[in-house]
Structure formats: structure tokens, C-alpha cells
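Those sequence lines, one after another, are chains A and B. Be aware that the first sequence starts at 1, since it is given in the working numbering, and climbs by one per residue. Be aware that the second sequence starts at 1, since it is given in the working numbering, and climbs by one per residue. Virtual Cβ for every residue (Gly too), placed ideally from N, Cα, C. Report on the structure given below.
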Amino acid sequence: MVLIETHDLTKHFGTLAAVEGVSLRVEAGEILALLGPNGAGKTTTIRMLASILRPTRGTAKIKGFDVVQEPIDVRRSVGFLTEHHGLYTRMKQQEYLQFFGQIHKMPATVIRERTTELLTQYGLNEASELRLGQFSKGMRQKLALARTLLHDPAVLLLDEPTSAMDPSSAHMVREGISGLRSSNRAIIVCTHNLHEAEMLADTIAIIRRGRIIANGTPKELKRSLLGDPVMELRLAGPLDGALKHLPPDLKTLAMGKNWLRYQVGQPEIVNPKVLQAMTEAGVKVITLSEVGRSLEDVYLQVVAEGENGFGSRGEKEH
Amino acid sequence: MVLGAGVKKSTNQVLETIAGAWIVARREIRDQLRDWRILTPIIILTLFFPLLMNFTAQQAMGFVTRYGAPIIGDRLIPFLLLIVGFFPISISLVIALESFAGERERLSLEPLLATPLTDSQLYLGKIVASLVPPLGASYLGISVYLVGLVLSIGWRPPPQLLLQVLALTTIQAIVMVSGAVVISSLTTSVRAANLLASFIIIPVAELVIGESVIMFWARYEILWWIVLALALIALVFGRMGLRLFNREELLGKEIDVIDLRWVWQQFWRAFRNGTKTPIEWYKNVLSCSLPAARWEILITTGLLAAGYIIGFRLADTFTIPKDLVNLDALGETLKNPEGSIVLLLGLDWKWIFYNNVRALALATLLGAFSLGVLAEILLMVPIGIIGYFAGNVVLAGGDTLQFLTAFVLPHGVFEIPAAIITGSAILRLGLAALSVPKGESLGQSWLKSLAECARIGIGLVLPLLICAAVVEVYVTPRIAVWLLTG
Chain A
1 MVLIETHDLT KHFGTLAAVE GVSLRVEAGE ILALLGPNGA GKTTTIRMLA SILRPTRGTA
61 KIKGFDVVQE PIDVRRSVGF LTEHHGLYTR MKQQEYLQFF GQIHKMPATV IRERTTELLT
121 QYGLNEASEL RLGQFSKGMR QKLALARTLL HDPAVLLLDE PTSAMDPSSA HMVREGISGL
181 RSSNRAIIVC THNLHEAEML ADTIAIIRRG RIIANGTPKE LKRSLLGDPV MELRLAGPLD
241 GALKHLPPDL KTLAMGKNWL RYQVGQPEIV NPKVLQAMTE AGVKVITLSE VGRSLEDVYL
301 QVVAEGENGF GSRGEKEH
Chain B
1 MVLGAGVKKS TNQVLETIAG AWIVARREIR DQLRDWRILT PIIILTLFFP LLMNFTAQQA
61 MGFVTRYGAP IIGDRLIPFL LLIVGFFPIS ISLVIALESF AGERERLSLE PLLATPLTDS
121 QLYLGKIVAS LVPPLGASYL GISVYLVGLV LSIGWRPPPQ LLLQVLALTT IQAIVMVSGA
181 VVISSLTTSV RAANLLASFI IIPVAELVIG ESVIMFWARY EILWWIVLAL ALIALVFGRM
241 GLRLFNREEL LGKEIDVIDL RWVWQQFWRA FRNGTKTPIE WYKNVLSCSL PAARWEILIT
301 TGLLAAGYII GFRLADTFTI PKDLVNLDAL GETLKNPEGS IVLLLGLDWK WIFYNNVRAL
361 ALATLLGAFS LGVLAEILLM VPIGIIGYFA GNVVLAGGDT LQFLTAFVLP HGVFEIPAAI
421 ITGSAILRLG LAALSVPKGE SLGQSWLKSL AECARIGIGL VLPLLICAAV VEVYVTPRIA
481 VWLLTG
């Protein structure tokens, strides 16, 4: 079931094109990371999805509700974690969640139950007597996350959930977010943190200057942007004698005295042939493994292409 | 049956709006009562200040009675009642600026904007939250002051006076708060909002001075008119606030920087309105701009007519000596060559044109910042003067039609339509802030109206004023001489 769907979503502020022609599809159970540098248009995109900003052009639907025509239904279906927690510092956490529960017209008993459940889940029970102004940054973000989840929304929009947090708090929040994955929920995480995107997301859309310039699973992005997987063969003896046994069309990238790196489109066919060749040459194989390529490589590649005026890459509606 | 269901639906919607607004208001009021910076002045102004005023009233009464001028004391006590009520509500402005601009600056507004609350619920909730504590404090202060007076000197306010003070206090608070919302919506920080707040504080302070003069003058019935005028201003501000306080305006504006390029683009696009040649543009002004301003033209015509009638009637009160407005005598004067100077003979038409343009430019400037009201008043003045002279001519036994035909109509045929069209364009410009179309910012809407104003000004008003000036110099005097000298 598609929970988030946009087509040609565009937002202009005066002469500035903040978002330009963004088309996305996120299904239930899926997490999409909207990855991009600061000012790329991530926040504007999700503000449109939360029916806070009105698109200049294009359409967006949340759980089937149009963001322009049915804003109240959209906002009922969405949990929006803003980049800045925006807590009321003179309030206490129960009172704070109760306020948002009342806005969502939740019955008092349900608010109480959900509040207890979420505060326990995020380890905030101990802080019930503190004013929110006394909370640490991590605690504030976790409470903001609890606020976002209070009405059990089908769609979660998380804007830079771990920005400006120390590694340990960021880790805690990331753990919390990965625990939110469910079969009837779609999540969009806006981030400029590559590690976060790779860790949390099923699919990644890279946004730059308001345009989606690449879109797909991390694996797809790596393949489409960095080419076929690269394999590394490490041998117990010298490579020289075994070279003539290798498949003639093997695309060799680099080699040393007892190692070889090659790029392969169909590893399941080619790798057994390579191993067989080594056996025939009588050379013992220590390892044959894929060389890791990080999302950072992909990101830098895409952004570099973008700088050179390259168009959209690896884009598909998923 | 259908009507009943409709009424029920509307009632439910209203109740739902109130319920949502109350959730917002309750949280904010609770929050304010936890803030010592708000609580301390409220307590001081509610309890300490009325007692001080009480003491002042007692002393003043004793002093003026000793010197045989009890009337001063009689006037002072109601005035102090007004002041006791006003001081606590002055805090409402600060609270409103904090509630609107402050919440935006503290970045706690966005989570609220992402909830199912409507813009109206948020707006209403914040207005109520900004009004309840200061008004509560004000009513309490008034009660403390009155109880003190009853106990000390046995003075009880006439019910009408008490009602007037309560009405004035309440409506002034509403005006300040609704004005603060408009200001907050136009800025992105509390600092900028505080700077702009002087546009509210200064007029309200002047109003209170005016009210005090009225109270010392004992013309209490005028206070009702002030209440009515303030209610209208509150309505205007309320409507503006509702238009401006929307998610798009609040989050679409990140910094208060003037983008001149954007301003020019918006203006130029609206000015051209898709036309390519001057002829096409001129046709477009006639076919689009003029019909679009038909309601404003009607209103301005009505107001100018009202100006004429007021002027005409004022002739009864401030009558000019008959021999000065006697048309026959004037005709005799015109027979002499030196007498024709009164008809502007020999004046340069460019001078008249320049004067008229200057007057209309001033009207545009005033109208742009007063929702068109000051412009309409300014335009009513010359018509009122014509009416006043016409009235005096009638009182002197003359013929109004002869007077108007001789002195006004020849060039008035061009000048009066020019004034009406200008007035309507200024009214549209002034009202642009009240009727911002969906999807447009206040700035966009205002620039579009300014461009419309410029289109009408250049395309219609300037040619009419040139014709009027030429006729006024070369034709009107000759018609006047011909009509009045027989």
C-alpha cells in the first residue's frame, strides 16, 4: 500500500526554487531517506508533505489524502518530527504530551496509556518531575519523538532527527527510529548524515538544489553510480602462473604479487570460474570477497556530477 | 430539514473551532502564569496600582474641595478609573508579541503547525490567551479601585460610565492584540515585532489622552463613538490577522530581507498584465483594471457625494456673508478686466496639473497605510468645500446649478472622475492587506494592487488630469464669464 506519493512536487519562494519536480512513492513498511546537503530542499519537501506549506506546482498524497485539498486529514495521518524539537520549556513531559493528545482529540485514557508507554519506551520515566527546559538534548529529542508518535500516525516525517547531537544520543535516537518500522507505516527521514541514511533506510533519494538527483536502494545506487561490484582475490602463492587460466574477458582493475582486483557484472557466474582457474593453476585461494564501497562514495559521485550539470541518475519511482 | 442540518453543521464547526482554540489558549495561559516576568507586573498593576490611584483620588478630592473646585475631583475620579483599567491591558501587547512572534522565534510553532488544528483555531487560541490574563487583571484592578472608593469616599460610578470604561478597556485590548498579530505576522523575530509595535502603542497612547480630555470635558456620549470606531478597527485587524496568520506565511518567511529584484518582478508582471505593446496595455487597463474596481468606484462616488452633502449642510452653521457669494455681484465684478483674476485666467495649466498630481500622490501615500481611509477623507475635502460654497450660494439666494456650471463642471467633468478613479484604486491598494488571495503573501498581494494603482494612475488619471487642467485654465473662466455676466 502506497502511503506517500508525490508527483512533480514544486515549491518556489519568490524567485527561489526551493523544491523542483520531486516525484516519490513510499509504501507501507518502507523507510526512505531524503539525503542532501543543507539547503537542498529536504525540509521544504516534508513541510509540503505535512500540509504546512502549499506546493507551487504538482501533487502530493498522504495515505490517499491530498495535501492541498484535505490538509486536516493529512495532518491527522502524519507524525512530524521537526528539526528543532520546539518543546515548551516550562511544561513537564506528561503535560506536554497531554496537550498534543488533546489536539489530536484522543480520549484522556488513551493519552495516559500512550504517554506511559512512550515515556517507558524512551527511558524518560525518571524525568517526570523535571521541566522540559531542564532536559538534556537527547532527552528533548526523544520526547519530541514521543510527541510525533503519540497519535500512532501511519506516516512519519522525521527532519534531521539526530542533527547536532552527541554520538551517544544520536545512537539512541537512531535505535528508536529503527524500532518504528512497521508493516503499516511509511517513514521519510531527512538527513545529511550518510551513515544514518544507510543504517535506517530501505531506499535513498538524494536531493540537491531542490531536485532529486538519484533515487534507489543503497545497493542500486552503488551499482548505478559506481558501476559493477569490485571483487578482490587474495592468494597463498604468486599470481603470475595463474593469470593465463583466468577467464579472458575478466575486467582487471589492479593486481599485486599475490592479489587481484576485478570488476564483475555477474559475480555468481564469473567468481566460480575464477576459483576454478586458481585450482587448475594450483594456487591456493585465501579469500575472494567484494570490496566495500560506501554510500559516501555514491554521494560524492552524485554531488560531483550535479556540480558538473549532470542530470538525474538512478532515478526511479519505487 | 436541510436548513436544520446546515445550521447544526455550522454550529458543530463553530463549537469545534472554539474547542481547538481553547486547548491552545489554556496551555498558553498556564504558561504565562508560570512566567514571573508576566505575573509580577500583572499583580502590581492589579492590586498595588489601583490602591495608589485610590489614594490619589482621595487626596485630590480633599484638595480641590478645600479650594472650592469639586468639579475637578468629579472629573478626575472617572478618568482614574479609565487609567486603572488601561494599565494592565497594556501588557496584552507584549503577551501577544511573545505568543505570535516569540513562539515562531523559539521554533516551537512548527510542531503546532503540523497538528490537525486549523489556522483559525491557532489564531483564535492565541488571541484569547493574550487577552484573558490582562483583561482579568484589568477587571480586577477596576474592582479594587471601585471598592476602595466606595469604602473611602462613598463614590459609586454611574452604570453607564462603568459600562463605557469596561467596553473601552476590552476593545482597546482587542485592538492591541489583533494589531500585534498583524505585526508579528510581518516579522520573524520578537525584536523586529517590538520595534514595529510602536505603530500600535503610540496611537493607543494618543487615544487614551484623547479619552481623558473627553472625560474631563464630561462629554461621555463621545466615548460610545470611540468604542464603535475601535470595534471597527478591531474587526479590520482581526480580518487581516486571520488572513496573515496562516502556515504558508508563517513558515514561508525565513528572514526580513528586502529582495528588490523580486519586488520589481512582481510589480512589473502585474503592471504589464501579460500585454506586450502600449496599445494592448492601454486596452487592458480599460477592459480589466477599470471593471475590477467597480465596487470601489461605487464606494468612492458615494463618499464624495457624502462629502458634498456634509459641506452643503455646514453652510447652515458657518455661513459666509451673502455679498461674498452673491453670483450677480460676482458677475458684475467679472465685467471688469481686473476682476477676472478670480477665475485663474492667465495661470499655467501645468501648475494646476502639478498641484492635482501632488494631491493625488499624497492621497495614495496616506491611503496605502490606512486601508484607504485617509485617502478617501482627503478626496472628500475639496468636494466638501464645493458643497459648502454651493450651500452658501443657495443661502445667498443664488442658483446652485449656475454656480456649479460656472465654476466646477467644465473641468470637473474630467477632474471628478479622476478623483473617483484614484480613490477607488487607493481603496483597493489599502484593502489589499485585508483580502490576500490564497497562495499569495501579503507582499505579493500589496505589490499587485500597487501595480494596479500605477496602471490606473498612468493610463487613466494622468490624461484626465491634463484635460482638467487645460479646461480649467482655458475653458472654465470663459464659461463662468459668459454665464455670470449674461
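Next item on the list: Determine the chain A residues that contact R294/B at a beta-carbon separation under 9 Å, and present them in chain order.
Entry: Residues of chain A with a Cβ closer than 9 Å to the Cβ of R294/B do not exist; the shortest Cβ-Cβ separation is about 30 Å.
Next item on the list: Mind checking the segment 29 to 55 of chain A against chain B and listing, in chain order, the residues whose C-beta falls within less than 7 Å of any C-beta there?
Entry: R47, A50, I52, L53, R54
Check: Quick one, which of N184/A, L300/A, A146/A has its alpha-carbon nearest L81/A's?
Finding: A146/A
Next item on the list: Mind checking who A17/A pairs with in its DSSP beta bridge?
Entry: H12/A
Check: Using CA coordinates, which residue listed in T118/B, A468/B, Q444/B is at the minimum distance from L260/B?
Finding: Q444/B
Margin query: For the beta strand (DSSP E) containing F80/A, name the first residue and the last one.
Written below: In the DSSP annotation of this structure, the continuous segment of the beta strand (DSSP E) that includes F80/A starts and ends at 78 to 81.
Next item on the list: Using a Cβ cut-off of 7 Å, pull out every chain B residue sitting near H12/A, in sequence order please.
Entry: By Cβ distance, chain B contributes nothing, its closest Cβ being about 10 Å from H12/A, past 7 Å.
Next item on the list: Using 10 angstroms around the beta-carbon of D159/A, count the other beta-carbons present and answer buried if the total reaches 16, otherwise exposed.
Entry: buried
Check: Which first and last residues belong to the beta strand (DSSP E) in which M255/A is found?
Finding: From DSSP, the beta strand (DSSP E) with M255/A extends over 251 to 255.
Note to self: Buried or exposed, going by whether 16 or more other CB atoms sit within 10 Å of the CB of M231/A?
What the structure shows: buried
Margin query: With H, G and I counted as helix, E and B as strand and the rest as coil, what does DSSP make of L196/B?
Written below: The three-state reading of DSSP puts L196/B in helix, counting H, G and I together.
Check: R112/A touches chain B at which residues, Cβ-Cβ below 9 Å?
Finding: In chain order: nothing, as chain B lies at least about 17 Å away.
Notebook entry, point to check: If you measure from the beta carbon of Q265/B to each beta carbon in chain A, is any gap under 8 Å?
Noted result: So, interface residue.
Next item on the list: May I ask you to report which of helix, strand or coil DSSP gives A186/A?
Entry: strand
Check: In chain order, which alpha helix (DSSP H) runs of at least 4 residues are fully inside the segment 176 to 221 of chain A?
Finding: 194 to 200
Next item on the list: State the DSSP-derived secondary structure class of A96/B, mapped to helix, strand or coil.
Entry: helix
Notebook entry, point to check: Helix, strand or coil: how does DSSP classify F310/A here?
Noted result: Its pLDDT being 43, under 50, F310/A is placed unreliably by the model, and nothing is read from it.
Checklist line | Contacts around L47/B, its chain only, beta-carbon distance under 7 Å, and the 5 residues preceding and following it disregarded | finding: V144
Notebook entry, point to check: Could you check where the alpha helix (DSSP H) with T300/B kicks off and where it finishes?
Noted result: 294 to 317
Checklist line | Ordered list of beta strand (DSSP E) runs contained in the segment 198 to 247 of chain B, each at least 3 residues | finding: Runs of the beta strand (DSSP E) inside the segment 198 to 247 of chain B: none found.
Item checked: Within 8 Å of chain A by C-beta, residues of the segment 114 to 142 of chain B in sequence order -> Considering only beta carbons, the part of the segment 114 to 142 of chain B lying closer than 8 Å to chain A consists of A114, T115, P116, L117, T118, in chain order.
Next item on the list: Ignore the nearest five residues each way along the sequence and tell me which others in G314/A's own chain have a CB closer than 7 Å to its CB.
Entry: With a pLDDT of only 41 at G314/A, under the threshold of 50, the placement of this residue in the model should not be trusted; the figure read from the coordinates follows. Around G314/A: A214, N215, G216, E220, L221, S224, L225.
Next item on the list: Quick one: which residues of the segment 78 to 108 of chain B get their C-beta closer than 8 Å to a C-beta of chain A? List them in chain order.
Entry: Per Cβ criterion, the list reads R106, L107, S108.
Next item on the list: Please determine, among Y308/B, R455/B, S289/B, S130/B, the residue with the shortest C-alpha to C-alpha distance to N392/B.
Entry: Looking at the Cα atoms, Y308/B is the closest of the given residues.
Notebook entry, point to check: For I46/A, which residues of its own chain have a beta-carbon under 8 Å away from its beta-carbon, when the five flanking residues on both sides are left out?
Noted result: L34, F80, L157, D159, I188, C190
Next item on the list: Using alpha carbons as the reference points, say which of G68/B, G125/B, S99/B, A329/B lies closest to A25/B.
Entry: Looking at the Cα atoms, G125/B is the closest of the given residues.
Notebook entry, point to check: To which residues does DSSP link M1/A through a beta bridge?
Noted result: None; M1/A has no bridge partner.
Check: Over what stretch of residues does the alpha helix (DSSP H) that includes I458/B continue unbroken?
Finding: Where I458/B is concerned, there is no enclosing alpha helix (DSSP H), because DSSP gives it neither an H nor an E.
Margin query: Does the CB of F262/B have a neighbour CB from chain A at under 8 Å?
Written below: A small correction: the amino acid at residue 262/B is Trp; Phe does not occupy that position in the sequence shown. Closer than 8 Å: yes.
Check: Would Q266/B be called buried (16 or more neighbouring beta carbons within 10 Å of its own) or exposed?
Finding: Q266/B is buried by the Cβ-count criterion.
Notebook entry, point to check: Between the segment 99 to 111 of chain A and chain B, which residues of the former have a C-beta closer than 9 Å to a C-beta of the latter?
Noted result: F99, F100, Q102, I103, H104, K105
Next item on the list: Measure the C-alpha to C-alpha separation of V461/B and R313/B and round it to an integer number of angstroms.
Entry: 30 Å
Check: Given a limit of 8 Å on CB to CB distance, which residues of the segment 176 to 187 of chain A reach chain C?
Finding: Absent here is chain C; the protein component of the structure consists of chains A and B.
Next item on the list: List the whole-angstrom C-beta distance separating I299/B from L378/B, where the pair is believed to meet the contact cut-off of C-beta under 8 Å.
Entry: Between I299/B and L378/B a beta carbon distance of about 15 Å is seen, past the 8 Å cut, so the two are scored as non-contacting.
Notebook entry, point to check: Can you tell me where the beta strand (DSSP E) with D35/B in it begins and where it stops?
Noted result: First-last for D35/B: undefined, no H or E at that position.
Margin query: Which residues does DSSP list as the beta-bridge partners of E232/A?
Written below: Per DSSP, R261/A, S289/A.
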